[in-house]
Amino acid sequence: MDSSAFSDLEVMTESTMKWLSNFALDLGLTRFPEHLHTFLSSLFFFLAIHQAFAPLMSTWLSCSFRKMNRRARNNWSIHVVSQVHALIIVPLSLRALNSPALDKDRVSGWDDDKSGLLQAIASAYFVWDTIDAIINYTDFGFIVHGLACSLIYLLSFKPFLSYYAARCLLWESSTIFLNIHWFLDKTDRTGSTFQLINGILLLVTFFGMRLVYGAYVSYNFFFTLYDVRDKVSPVYLLIYGVGNIVLQGLNVYWFMKMISALQKRFSPNSSVDRKATQVNRKLDAKKE
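As structure tokens, then:
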């Protein structure tokens, strides 16, 4: 590529960045332009893991992956991205909990170092997650979850409720164990001792962080929304209020599904279920 092509690309990039920044400012997202680079680089980072790194490494490291059909491989890569995001976002969320600026003002407080980085990465992930949930449709709940999270974390660049953003993102701690549980299923370790231990940790973290702690955060969250109901756009109140209810409802729904799934895996007939799973995997491999 010659210098003129590089120059044209640079101009196009600068033009796009300027347009996105102005669009964000038009929406009132005053803190977004300074974190646009982080958002876009994170979005491409998650896309690269999904489309290139996860398939390449999984093909090299896992015979289970090599036997899967195209749809199953895509689902595997989705879980890899999810795990990477969770391992990044949970430590950043813990770091943001200790922020005097956010503690001082739970509505419009802002910590450029902690809030900006955290919300830019989380927003990028949920935008990627929403796009994938639409393109590779499996469950409408995943689309609803992605859309709700994308709106909530992008609009928080107003700034708005960044104090709660850090706390709600701690829910992703249960995702770490959920992904491990899924990978154990796909690598013929269903019903193993490792999966039992991980399953217990999954239920404990999911129940503790998403249902118990999540209910506590939501309780304070709605009181904060109520206090500023006359100062904030009804659109914000609707998105954040309904979004929080939807996400908490999905947490309860998914928790019940997890309990049911674990009961099946460790029931007396689990050995029969494992054989059936192995047969299905062989059939999937033949379809490939």
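The numbers in numbering that gives the first Met the number 0 rise by one with no breaks, and the one at position 83 of the sequence shown is 82.
We put the CB at the ideal spot given by N, CA and C, even for glycine.
Annotation for W59: the continuous alpha helix (DSSP H) segment containing it runs 53 to 60. Restricted to the stretch 167 to 238, the alpha helix (DSSP H) segments that are unbroken, complete and at least 4 residues in length are 172 to 185, 192 to 204, 212 to 226, listed in chain order. Nearest Cα to S172 within the set A260, S114, S81: S81. The C-alpha of L46 is placed about 23 angstroms away from the C-alpha of F22. Between the stretch 195 to 213 and the stretch 94 to 113, the count of Cβ pairs shorter than 8 angstroms is below three; the stretches do not touch.
Taking 8 angstroms as the cut-off, the beta carbon of T192 is found no closer than this to the beta carbon of L183.
Counting other Cβ atoms within 10 Å of its Cβ, A214 stays below 16 and is therefore classed as exposed. Here N73 carries a helix assignment [DSSP, helix/strand/coil]. In this structure the stretch 242 to 252 touches the stretch 128 to 147; the number of beta carbon pairs closer than 8 angstroms is three or more. Following the DSSP letters along the chain, one finds G115 inside the alpha helix (DSSP H) bounded by residues 113 to 134. In the structure shown, V106 falls within a coil segment according to DSSP collapsed to helix, strand and coil. Around the beta carbon of D128, a 10 Å sphere encloses 16 or more other beta carbons of the protein chains shown; the residue is thus reported as buried. Contact between the stretch 160 to 175 and the stretch 81 to 90 is present: 3 or more CB-CB pairs across the two stretches fall below 8 angstroms. Taken through DSSP and simplified to helix, strand or coil, K17 comes out as helix.
Rounded to the nearest whole angstrom, the CA to CA distance from P54 to R264 is 27 angstroms. If you check the CB distance, G108 and Y162 come in under 8 angstroms.
Counting every other CB atom within 10 Å of its CB across the protein chains shown gives S92 a total of 16 or more, marking it as buried. Annotation: the continuous alpha helix (DSSP H) that includes H144 extends over 139 to 154. Counting only the Cα atoms, A71 lies some 15 angstroms from D138. For H36, the enclosing alpha helix (DSSP H) covers residues 35 to 47. Minimum Cα-Cα distance from V251 among the listed residues D226, G140, V106 corresponds to G140.
Taking every protein chain shown into account, the CB of N97 has fewer than 16 other CB atoms within 10 angstroms, so this residue is exposed. When secondary structure is reduced to three states using DSSP, G248 falls in the helix class. Taking the Cβ atoms as the reference, S41 lies roughly 17 angstroms from A165, outside the contact range of under 8 angstroms.
Take the alpha-carbon of T58 and the one of R65: they are about 6 angstroms apart. The C-alpha of A121 lies about 30 angstroms from the C-alpha of M67.
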